[in-house]
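The opening residue of the sequence shown carries number 433 in my numbering; numbering runs sequentially from there.
We treat Cβ as the ideally placed atom computed from N, Cα and C, and that holds for glycine.
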Amino acid sequence: MLASPVEGGIGRILLRIGGAEPFIVHAVGPGARIRLGVTEDRVVWEGETGGIRHRVTLKLQPEDAAWLWHVHVFNARNNALPLDAILVQDIGLGVRGFLANNEAYASQYIDHHSVRHPRYGPIVMCRQNLAQDGKHPWVVHGCLDGASGFATDAMQLFGPGYRDSDAIGFRFGDDLPSRRLQHEAACAAIQPSPPVTLEPGGSVAWRFFGLYHPDHPDPSSDADLLKIDAVGWCDPDPADVVLAPLVRALVQDAPSIVAAPLSEAALAQRYPQRFHEEHADGKLLSFFIPDPPHNRHVVLRDKERRVTRRHGTLLRTGQAMLPDDSTLCATCWMHGVFGAQLTIGNTSFHKLFSVSRDPYNIMRASGLRMLIDTGDGWRLLTVPSAFEMGLSDCRWIYCLDERVVTVRAIAAGDDPAMQWRITVEGEPCRLLVFGHVVLGERELEHEGIIEVDPGTARLTFRPDPNSLWGQRYPHAVYHLVTSAREVIEAIGGDELLYAARVSSTRFCRCREASSPDCSRPSKRSTIFDSSATTCCFPTA
433 MLASPVEGGI
443 GRILLRIGGA
453 EPFIVHAVGP
463 GARIRLGVTE
473 DRVVWEGETG
483 GIRHRVTLKL
493 QPEDAAWLWH
503 VHVFNARNNA
513 LPLDAILVQD
523 IGLGVRGFLA
533 NNEAYASQYI
543 DHHSVRHPRY
553 GPIVMCRQNL
563 AQDGKHPWVV
573 HGCLDGASGF
583 ATDAMQLFGP
593 GYRDSDAIGF
603 RFGDDLPSRR
613 LQHEAACAAI
623 QPSPPVTLEP
633 GGSVAWRFFG
643 LYHPDHPDPS
653 SDADLLKIDA
663 VGWCDPDPAD
673 VVLAPLVRAL
683 VQDAPSIVAA
693 PLSEAALAQR
703 YPQRFHEEHA
713 DGKLLSFFIP
723 DPPHNRHVVL
733 RDKERRVTRR
743 HGTLLRTGQA
753 MLPDDSTLCA
763 TCWMHGVFGA
773 QLTIGNTSFH
783 KLFSVSRDPY
793 NIMRASGLRM
803 LIDTGDGWRL
813 LTVPSAFEMG
823 LSDCRWIYCL
833 DERVVTVRAI
843 AAGDDPAMQW
853 RITVEGEPCR
863 LLVFGHVVLG
873 ERELEHEGII
883 EVDPGTARLT
893 FRPDPNSLWG
903 QRYPHAVYHL
913 VTSAREVIEA
923 IGGDELLYAA
933 RVSSTRFCRC
943 REASSPDCSR
953 PSKRSTIFDS
963 SATTCCFPTA
């Protein structure tokens with residue numbers, strides 16, 4: 433999956449620390465607090481977390497389409513610590529358009545084959561079975577110092593629980609499943625063997641490798657071990673690399689804010705009539721309510737945490753039976769994606785906001801998102817207490833300690849317009865609403881035109897005039913406006929996503945409302961009200 437400039441990607445290197453207070457260090461990836469250096473032949477990540485110093489070097493091999501991760505760890509504490517490492521690398525093996533069209537579809541065609549190497553232990557071979565320009569790309573991952581476990585899909589590492597937990601389920605001492613899973617988020621993971629115990633001042637190093645072949649006509653087999661042995665693996669030579677600290681975006685350091693479940697009393701008060709209830713392990717998971725005629729479905733937090741495929745709903749404007757050039761459409765996901773793939777007319781080429789591409793909320797900057805500050809720093813709104821889905825609207829209800837936050841997305845029945853209404857009941861808080869803008873077919877490929885008017889709190893989005901969309905619809909425009917300008921503190925670009933304010937869509941401060949009560953229906957004062965209206969005129 434394409435990484436986000438403000439949030440990173442799925443690939444990472446994790447250091448798992450054991451002992452009395454186990455924790456996980458991100459040496460590479462979105463959670464890594466490091467200094468970075470780049471030269472012509474290598475990339476270096478260096479940092480220190482909890483007394484664990486780590487330096488990772490990624491270097492291409494000189495004679496092969498292969499690379500080596502050199503992970504060096506030093507114990508700066510005054511006590512011994514057991515630890516190991518895990519390499520995580522998501523797999524695509526396809527041309528850009530094929531992958532960006534549907535990552536889950538692409539993953540379903542990737543064949544994973546694991547075999548034990550005499551020296552390196554289990555390795556993971558991945559082959560794209562659906563030909564890409566007549567070829568079948570192939571890649572293998574392993575550890576030159578020996579591995580003990582592996583995984584082949586992100587579901588095995590992250591899974592449904594990651595949507596609002598921020599942590600993988602494998603702490604030190606837990607082995608990767610070492611089982612092939614052919615699912616919808618291809619991801620190779622390698623666990624070296626055995627774990628080590630670092631004395632104070634001690635160090636250890638691991639070497640993870642990757643080998644790529646642009647065309648592997650036959651399925652992966654044990655005979656492919658010879659390809660690994662044919663590579664003259666070269667450790668990175670010592671070199672001076674200038675390191676500089678990275679500026680981190682707020683979303684990288686914002687943990688999920690965990691919503692409380694609705695109590696039985698709250699459920700009875702808020703939803704006195706329920707139909708087709710779904711229960712599991714003594715818990716109510718979902719039901720329908722008589723919003724005529726039984727067309728409103730409610731999913732509770734505990735179900736979203738257990739299902740493989742996330743809950744979501746598709747909202748579209750207008751009354752026509754079939755979409756046309758004036759139909760505005762958006763996908764809303766329960767785990768805090770308040771508007772993904774927001775489009776007008778063509779749902780592939782006319783995107784305003786990006787697609788939410790992974791099922792476990794690993795990538796947390798796609799689509800329209802919200803951060804909340806309740807007094808202890810920014811937190812990300814993810815899985816709500818309840819998610820209501822209707823025919824033309826949906827609602828996220830977050831029961832938090834001292835407030836109830838409700839976000840409602842509404843698709844208009846007449847105009848190509850969509851509205852988000854955010855209400856807060858309880859203590860005042862701050863919200864930062866940001867959207868990953870595409871303005872075309874694919875993320876980070878178009879030079880759209882964005883106009884920001886702080887005085888009216890209005891944003892105007894136009895496609896790149898040289899793009900296919902801009903050429904066919906030269907008058908196409910999105911407008912993002914608000915009816916609550918008095919509560920807006922700032923409006924701008926991605927500079928608002930950085931703590932140091934160095935370079936999202938909007939930043940707003942919520943005024944005080946009444947005290948929270950998850951059992952009451954949502955009769956609250958509206959403190960933030962925004963709409964996105966699109967006009968798109970075809971040309972002759």
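> How many angstroms separate the CA atom of H615 from the CA atom of Q560?
Replying inline: 13 Å
>> Quick check: the segment 622-637 against the segment 513-523, are at least 3 beta-carbon pairs closer than 8 Å?
In response: A contact is defined here as three or more CB-CB pairs under 8 Å, and the segment 513-523 meets this definition with respect to the segment 622-637.
> What is the C-beta distance between F640 and I660, in whole angstroms, given that I count them as a contact (C-beta under 8 Å)?
Replying inline: Not quite, the Cβ-Cβ distance comes to about 13 Å (not below 8 Å), so this is no contact.
>> Whole angstroms are fine: how far does the CA of I794 sit from the CA of D473?
In response: Rounded to whole angstroms, D473 to I794 spans 29 Å at the Cα level.
>> Does S539 come out as helix, strand or coil in the three-state DSSP assignment?
In response: Looking at S539 - three-state DSSP - the assignment turns out to be helix.
> Can you tell me where the beta strand (DSSP E) with G973 in it begins and where it stops?
Replying inline: The first residue shown for the chain is 433 and the last is 972, placing residue 973 beyond what the model contains.
> Roughly how many angstroms separate the alpha carbons of H711 and S718, rounded to a whole number?
Replying inline: 7 Å
>> Tell me the DSSP secondary structure of R738 in three-state form.
In response: coil
> Is it true that the CB of I466 sits closer than 8 Å to the CB of V457?
Replying inline: no
>> Taking 8 Å as the threshold (C-beta atoms), are Q493 and V663 in contact?
In response: For V663 and Q493, yes; Cβs fall inside 8 Å.
> If we ignore side chains and look at the alpha-carbon of each, how far apart do L613 and L525 end up?
Replying inline: 17 Å
> P693: which of K715, D685, Q684 and P704 sits nearest, CA to CA?
Replying inline: K715
>> Could you tell me the alpha carbon to alpha carbon distance between W765 and T745, rounded to whole angstroms?
In response: 7 Å
> What does a CB cutoff of less than 7 Å around M433 pick up in its chain, not counting 5 residues either side in sequence?
Replying inline: G441, I442, D522, E535, R789, D790 and M795
> Between L800, S798 and D757, which lies nearest to T779 when the distance is taken from Cα to Cα?
Replying inline: D757
>> By the DSSP assignment, the alpha helix (DSSP H) with W901 in it spans what residues?
In response: L900 to R904
> Which whole-angstrom value describes the C-beta separation of A849 and L760, a residue pair presumed to lie in contact below a C-beta threshold of 8 Å?
Replying inline: 7 Å
> Any heavy atom of the ligand MG closer than 7 Å to the CB of L863?
Replying inline: This structure lacks the ligand MG; in fact it carries no ligand of any kind.
>> If distances are taken between C-alpha atoms only, which option among W852, E859 and V856 comes closest to F866?
In response: W852
> Roughly how many angstroms separate the alpha carbons of G809 and R862, rounded to a whole number?
Replying inline: Cα to Cα, the separation comes out at about 10 Å.
> Are the CB atoms of G845 and S824 nearer to each other than 8 Å?
Replying inline: By the CB criterion at 8 Å, G845 and S824 fall inside the cutoff.
> Thinking C-beta only, is I920 closer than 8 Å to I804?
Replying inline: no
>> If contacts are defined as beta-carbon pairs under 8 Å, then E480 and R595 qualify, I think. What distance do you get, rounded to the angstrom?
In response: E480 to R595, Cβ: 30 Å. No contact.
>> If you reduce the DSSP assignment to three classes, tell me which class F530 lands in.
In response: Residue state, collapsed to three classes: helix.
> Which same chain residues, not among the five before or five after L774, have their C-beta less than 6 Å away from its C-beta?
Replying inline: These residues qualify, in order along the chain: A762, L784 and F785.
>> Less than 8 Å between the beta carbons of V556 and L643, yes or no?
In response: no
>> According to DSSP, is G593 part of a helix, a strand, or is it coil?
In response: helix
>> Using a 10 Å radius around the Cβ and a threshold of 16 neighbouring Cβ atoms, would you call D585 buried or exposed?
In response: buried
> Of the residues R528, L500, I776 and F455, which one's Cα is nearest the Cα of T749?
Replying inline: I776
> Nearest to G591 by alpha carbon, out of Y792, D885, G880 and M753?
Replying inline: Y792
>> What does the Cβ neighbour count give for E875, buried or exposed, with the cut at 16 atoms within 10 Å?
In response: buried
> Who are the Cβ neighbours of D496 in its own chain at under 6 Å, not counting the five residues just before and after it?
Replying inline: V663
> Do you know offhand how far H878's Cα is from L900's?
Replying inline: 10 Å
>> Within 10 Å of its beta-carbon, does T471 have 16 or more other beta-carbons around it, so buried, or fewer, so exposed?
In response: exposed
>> Only counting the same chain, and skipping five residues up and downstream in sequence, which positions put a Cβ closer than 6 Å to that of P886?
In response: I923
> In chain order, what residues of the same chain have a beta carbon less than 7 Å from the beta carbon of Q903, not counting five sequence neighbours either side?
Replying inline: The answer is none, since no qualifying residue turns up.
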